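In what follows, a single structure is set out as C-alpha cells and then discussed.
Number of protein chains: 2
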Amino acid sequence: MSILVVGSVAFDAMETPSGRRERCLGGAATYFALAASYFTSVRMIGVVGEDFGAEEEAVLTRRGIDTRGIEHVPGKSFFWRGSYMKNLNEAQTLDTELNVFQSFSPKIPEAYKDTEYLFLANIDPVLQADVRSKMPQVKMVCGDTMNYWIKDHADNLARVLRHLDALLINDGEVKMLAKESNLVLAARKVLAMGPKSLVVKHGEYGATAFFGEHSFAGKHKSGPFRAPALPLDAVVDPTGAGDSFAGGFFGYIASQTALTPAVFRRAMFYGSVMGSFAVERFGTERLQNLDKSEIEDRFALFRQLSHLD
Amino acid sequence: MSILVVGSVAFDAMETPSGRRERCLGGAATYFALAASYFTSVRMIGVVGEDFGAEEEAVLTRRGIDTRGIEHVPGKSFFWRGSYMKNLNEAQTLDTELNVFQSFSPKIPEAYKDTEYLFLANIDPVLQADVRSKMPQVKMVCGDTMNYWIKDHADNLARVLRHLDALLINDGEVKMLAKESNLVLAARKVLAMGPKSLVVKHGEYGATAFFGEHSFAGKHKSGPFRAPALPLDAVVDPTGAGDSFAGGFFGYIASQTALTPAVFRRAMFYGSVMGSFAVERFGTERLQNLDKSEIEDRFALFRQLSHLD
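These protein sequence lines map, in sequence, to chains A and B. Under our numbering, the first residue of the first sequence is numbered -10, with each subsequent residue one higher. Under our numbering, the first residue of the second sequence is numbered -10, with each subsequent residue one higher.
What follows is the structure, encoded as C-alpha cells:
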C-alpha cells in the first residue's frame, strides 16, 4: 500500500574520513522515500527552492516516487553542512540554512487522501500533528523527532506521540525524552506517553524495539526485539542512516497485509539493511541504485549475523 | 571436560546507584569459575591471603569447583574498590591493593595436568604465557586482557595472543590494541596477531565474534556473529559481567564434543546469559544460586529477543 512521508528535502555538504562532498541531495524525506521505494509505492510532501531542478526530481521519479506533494517556492532549499571527522557516530553541524523550509506548511494533495501509511519525519511537532489530523483515514502512523523538539517543544511533541503507532528515535533521545538513563525504564516511560511501540536506534549496535500493550491487534504480544547492525569495515558517510532505516522498516510494513510481531521483526531487519546500504556511499548515492536481490542477500547476511542456526 | 581458570581471587567493595557493599568475594577467576560451573567441572589457580577463609572457600566448593590450585599465603588478598555512580557501563577504580597478588606465581597442581580447556583471565601476560607453556596438552585456550597490558606490555601480550583460540576483550580494548577506530578493521588486525577468533564485548549492546581462517577444524567457516545483551530495567552491579560472560561462553564450549560455528554461537548466547545474571545482584551473589532451568529459560529469552521467528 502507499506510504506518505512528510519531511525535509535538502542539499547537504559533508566531510567524513572518506572524503567530502559540497552538494548532495538529502533531507530526511528523501532518504526515507528512496529506502521505502524498494518495498512499496511512496508519496512525498516537502518544500524545495529554485535550486531543486529536473536532475533532483529525476532521482526521486526514477524510483517511482510520487513527488506531486513537493512544493516549489522562490528561494533556496534547506541546506545543511556537517562533519564526521571527530566522530563517525555523531554529526557535528557546521551550518544550517533553513531557507524555504523556514515557512514550510505541508499541503496534502487531493490524490494523497487515500494514503494508509504515514511517516512523520523529523519536523516541528506542530506540523506533524497538523498533517496527522488532516489524514483521518491512515491505518498506521510512525514518526521521528530529535533533541531540539524534545528539549524545547515538549508539549507539542506530546500531542503527536499520542497518535503514533511507532516512534523511531535514538538512544540519547529516548533517555532525554523520558528523563531516565536506563534504556528499559526510559522505553517504558515513553510508551506511557502514547506511542504503541518504540524503535530505539543504537547506531553501529543496531536497534531495539519495545512494545506497548496495544502494539498489535488481537492476541499478538511481544517482548523486546533487538536487530543487529552490520559490522562494516568502511562507513563512508553516516548521513541519513536513521531515515533510511525508517524507510526500510516502514516500507516493508506497508507492503504486508497485517502488522504482526513477525512482520515487525522482519521490518526491523529491513530497516537495518537499508541503513547499512546508505552509509556505504556519500549522500543517497547507494540508495538510488539497488536491486531487490542485493537487498535480499543482505537480509540473509543479517540473519546469519544474528541467528543461532 | 574440565576447564581451568588462572586469575585473580579478590575482595571487592563497590558503590552503584543501587547501593554499596564493603566486602564481596570477587576477582576475575571467581566470577569465571562460578559461571562456568553450571556447564562443566572447573579448576582454579589463584592466590589468596589469610582473609580468605572457610566461608569463601565454601562459595566455590558448593558449586563443585576444584580449589586445590588456590594458594594460601600470609598477608591480605587482592582488594579492589570501585564506583559506578557516574557511569554504570564503566567502573571508576577508587583503590587497588594488590597485596598477595603482587607476587602471584601460578603453580599447576599435578592433578590439573590433564586439563583440556584453559582460560587465562586478565593477569600479567608473562604469567599467562608461562601457564600456557606448562600445559602443552590443552585443546583450547581462551584469554582476556585489559588496557594496562595493551598499553605498556604489548610485546609480552603479543607472545600470548599467538597461542589463543579465542581472545575476549571489549570494544575500547580491541581498538586500542589494533590502533584502529573501526571495529571490523580493528578485529582484522587483532586476528592477524594470532588469536584464531575474537569476541568483542559491547556492554549493554552485546558482543560480536570475528573468526580467522583457522577458527574451526575442517571445512567450517563463519562470518561475524553478534549476540545481544538483555535489555535490563535494573543493573544492580556490573562488576564481573565480562568474566561471567567468559565463564558461560567457555564453560559451554568445554561441555561440547567439538567446536563448530553452531557451538560457538550458542556459547556466545550462554556468555550473555551468565553476564545478565551476574549484574542482577551485588558481587557473585546471583551466580552462586542459579539452577539449570533458569539458565535455559533465559537462553530462550535471548533467542526471542534476537530471532525472526
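Glycine residues also receive a C-beta, built at the ideal position from the N, C-alpha and C atoms. None of these values were measured; they are calculated from a predicted model.
Proximity to residue i [Cα-Cα], best of the options
| i | options | result |
| --- | --- | --- |
| G8(B) | S295(B), G272(B) and Y20(B) | G272(B) |
| N76(B) | K281(B), P227(B) and E162(B) | P227(B) |
| L276(B) | E202(B), I112(B), F28(B) and G(-4)(B) | F28(B) |
| L172(A) | R151(B), K210(B), D222(B) and A147(B) | D222(B) |
| T134(A) | N159(A), V36(A) and K123(A) | N159(A) |
| E99(A) | A198(A), V130(A), V89(A) and K123(A) | K123(A) |
| F41(B) | N111(B), S66(B) and T56(B) | S66(B) |
| N111(B) | A2(B), N278(B) and A17(B) | A17(B) |
| R151(B) | P114(B), K140(B) and V48(B) | P114(B) |
| V31(A) | Y20(A), V37(A), G38(A) and E39(A) | Y20(A) |
| G15(A) | H61(A), G229(A), T197(A) and A247(A) | G229(A) |
| L371(A) | L(-7)(A), A256(A) and A243(A) | Chain A is shown only over -10 to 298; residue 371(A) falls outside these bounds and no answer can be derived. |
| T5(B) | S282(B), R215(B), H61(B) and T82(B) | T82(B) |
| G237(A) | T50(A), E60(A) and A267(A) | A267(A) |
| E285(A) | A256(A), T104(A) and R270(A) | A256(A) |
| D232(B) | Q293(B), S265(B) and R177(B) | S265(B) |
| E86(A) | A(-1)(A), E39(A), S72(A) and I242(A) | A(-1)(A) |
Counterpart residues of residue i in DSSP-defined beta bridges
| i | result |
| --- | --- |
| I158(B) | V189(B) |
| A318(A) | Nothing can be reported for residue 318(A), as the shown portion of chain A is limited to -10 through 298. |
| W69(B) | D1(B) and T85(B) |
| M74(B) | M74(B) pairs with nothing; no bridge assigned. |
| D133(B) | L157(B) |
| V31(A) | I(-8)(A) |
| V37(A) | H61(A) |
| D329(B) | One cannot answer for residue 329(B) here, as it falls past the ends of chain B, which runs -10 to 298. |
Whole-Å CB distance - residue i paired with residue j, under 8 Å assumed
| i | j | result |
| --- | --- | --- |
| G195(A) | P217(A) | 4 Å |
| R287(B) | V252(B) | Actually they do not touch by this definition, with Cβ atoms about 19 Å apart. |
| N136(B) | M165(B) | 6 Å |
| F291(B) | F258(B) | 5 Å |
| G58(B) | M33(B) | 5 Å |
| L116(B) | F93(B) | 7 Å |
| V188(A) | A198(A) | 5 Å |
Three-state class that DSSP yields for residue i in the structure shown
| i | result |
| --- | --- |
| T50(B) | helix |
| L174(A) | helix |
| E11(B) | strand |
| Y312(B) | With chain B running from -10 to 298 in the structure shown, residue 312(B) is simply not present. |
| S106(A) | It is worth fixing the name first, because residue 106(A) is Tyr in this sequence and not Ser. Y106(A): strand per DSSP, three-state reduction. |
| D226(B) | coil |
| T19(A) | helix |
| D113(A) | coil |
| V268(B) | coil |
| G237(A) | helix |
| G260(A) | helix |
| G42(B) | coil |
| L276(B) | helix |
| V127(A) | coil |
| A80(A) | coil |
| Q245(B) | coil |
| R292(B) | helix |
| K208(A) | coil |
| L166(A) | helix |
| K140(B) | helix |
Cβ neighbour criterion (16 or more within 10 Å) applied to residue i
| i | result |
| --- | --- |
| L153(B) | buried |
| R254(A) | buried |
| R52(B) | buried |
| S(-3)(A) | buried |
| A25(A) | buried |
| H191(B) | buried |
| G35(B) | buried |
| T56(A) | buried |
| E162(B) | buried |
| N322(A) | A question about residue 322(A) goes unanswered here, because the residues of chain A that appear run from -10 up to 298. |
| D84(B) | exposed |
| P125(A) | exposed |
| V1(A) | The sequence as given places Asp at residue 1(A); Val does not occur at that position. Buried, because 16 or more other Cβ atoms sit within 10 Å of the Cβ of D1(A). |
| T246(A) | exposed |
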